[in-house]
Amino acid sequence: MSLDSADRRLRFFVSIADLGSLSKAATVLDQTQSGLSKQLALLEAHVDQRLFVRTGRGLKLTEAGEILYDAVKPAFLEIDRAMDQVRKQGVTQGTVRLAAVHTLSYYFTADCIATFVSNRPHVNLSLMGRSSPEVVTLVEHGNAELGLVYDSAVNSDVLDSTALFEEDMALVVKQDSALIGPQDLTSASLQLVGFPPHYALRKMIHSGGLQPHFVTEAETVDAMLRLVSSGVGDCILPSRIPAKILADYGLRKVKIDRPLLRRRMVLIKHQDKPLSALAIALEQCIIQLSKTMKEQME
Numbered sequence: 004m005s006l007d008s009a010d011r012r013l014r015f016f017v018s019i020a021d022l023g024s025l026s027k028a029a030t031v032l033d034q035t036q037s038g039l040s041k042q043l044a045l046l047e048a049h050v051d052q053r054l055f056v057r058t059g060r061g062l063k064l065t066e067a068g069e070i071l072y073d074a075v076k077p078a079f080l081e082i083d084r085a086m087d088q089v090r091k092q093g094v095t096q097g098t099v100r101l102a103a104v105h106t107l108s109y110y111f112t113a114d115c116i117a118t119f120v121s122n123r124p125h126v127n128l129s130l131m132g133r134s135s136p137e138v139v140t141l142v143e144h145g146n147a148e149l150g151l152v153y154d155s156a157v158n159s160d161v162l163d164s165t166a167l168f169e170e171d172m173a174l175v176v177k178q179d180s181a182l183i184g185p186q187d188l189t190s191a192s193l194q195l196v197g198f199p200p201h202y203a204l205r206k207m208i209h210s211g212g213l214q215p216h217f218v219t220e221a222e223t224v225d226a227m228l229r230l231v232s233s234g235v236g237d238c239i240l241p242s243r244i245p246a247k248i249l250a251d252y253g254l255r256k257v258k259i260d261r262p263l264l265r266r267r268m269v270l271i272k273h274q275d276k277p278l279s280a281l282a283i284a285l286e287q288c289i290i291q292l293s294k295t296m297k298e299q300m301e
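Now the structure itself:
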């Protein structure tokens, strides 16, 4: 018996055992009942054992049939799982859409994209930088398959979220600022450059009990850093933004002692819209990179 024939007959055998009926298995397998019965007879002849006995409720495995089923069923499940995983990893073409909050582009999103496309030169990864509420909306409406967002902005019955990492905020000031060391901002008179009110980071500042004076607003990190560099005010951004990037603007970070401004980043996807193979590969890449980043910080 060839390997192809053995695989086919064993899979037929498993289906018959699962359904307990030759006719039901024939329907599911798109085979004729007589043809399926012949394949079963050939398998029984090959192992020289009866595999089923008829009962008033259908077909029941014999002792030999149970031994074969217990060995073959898990093996086929593992083979099918491995084949599916290999197919997903082998996807090298197509488009996948990722929405992410602006701040991540400076220290996480770029690494995700570089890692993901390095082995997929023909993949088009469409990155949409948005505010947290906008990221949620994009994923809810199917305009992005995955989203990177603050967990505080996710209030949706149709989204699944996976926790990635937590991060603290820092005060970003000019390099010649007199502020040094951890700062207690609870009693400070803050003049800030900030995101618009609907951004999660802006809401975080207020939820921390701070009531700063926002001298101006900006919708991108680059615009915000340029404004701080011009001397109009300071800003609050994630502490993971690389110091080298801030130095290019003539800026530096100052640790915030009080209040505790911390956020959790999550990966979101739609519950009822299956991910494409590319999106699944990107999801796995993002989760793995977040684990690596947390390990490096420990």
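If you read the sequence shown in my numbering, its first letter stands for residue 4, the second for the next number, and so on.
Don't be surprised by glycine CBs; every beta carbon is placed ideally from N, CA and C.
Check, Outcome
"Check whether the stretch 134 to 143 and the stretch 240 to 254 are in contact - that is, three or more C-beta pairs closer than 8 Å.", "no"
"Consult DSSP for isoleucine 283 and reduce its assignment to one of helix, strand or coil.", "helix"
"Buried or exposed: threonine 106, going by 16 or more other Cβ atoms within 10 Å of its Cβ?", "buried"
"Report the partner residues of aspartate 187 according to the DSSP bridge assignment.", "Arg261"
"Among residues of its own chain, excluding the 5 on either side of phenylalanine 119, which ones have a beta-carbon nearer than 6 Å to its beta-carbon?", "Leu285 and Cys288"
"Considering only their Cβ atoms, is the gap separating leucine 32 from leucine 25 smaller than 8 Å?", "no"
"For chain B, find out if any of its Cβ atoms is closer than 8 Å to the Cβ of threonine 140; answer yes or no.", "Checking the listed chains, one finds no chain B in this structure; it contains a single protein chain."
"Output the distance between the C-alpha atoms of arginine 229 and glutamate 222, rounded to the nearest integer angstrom.", "12 Å"
"Judging by CA-CA distance, which residue of Val99, Asp21 and Leu64 is the nearest neighbour of leucine 305?", "This structure cannot speak to residue 305, because the chain is shown only from 4 to 301."
"With a threshold of 16 other CB atoms inside 10 Å of the CB of glutamate 298, please say whether the residue is buried or exposed.", "exposed"
"Can you have a look at aspartate 179 and say buried or exposed, based on whether 16 or more other CB atoms are within 10 angstroms of its CB?", "exposed"
"Applying the criterion that 16 or more other CB atoms from any shown protein chain within 10 Å of the CB defines a buried residue, is aspartate 237 buried or exposed?", "buried"
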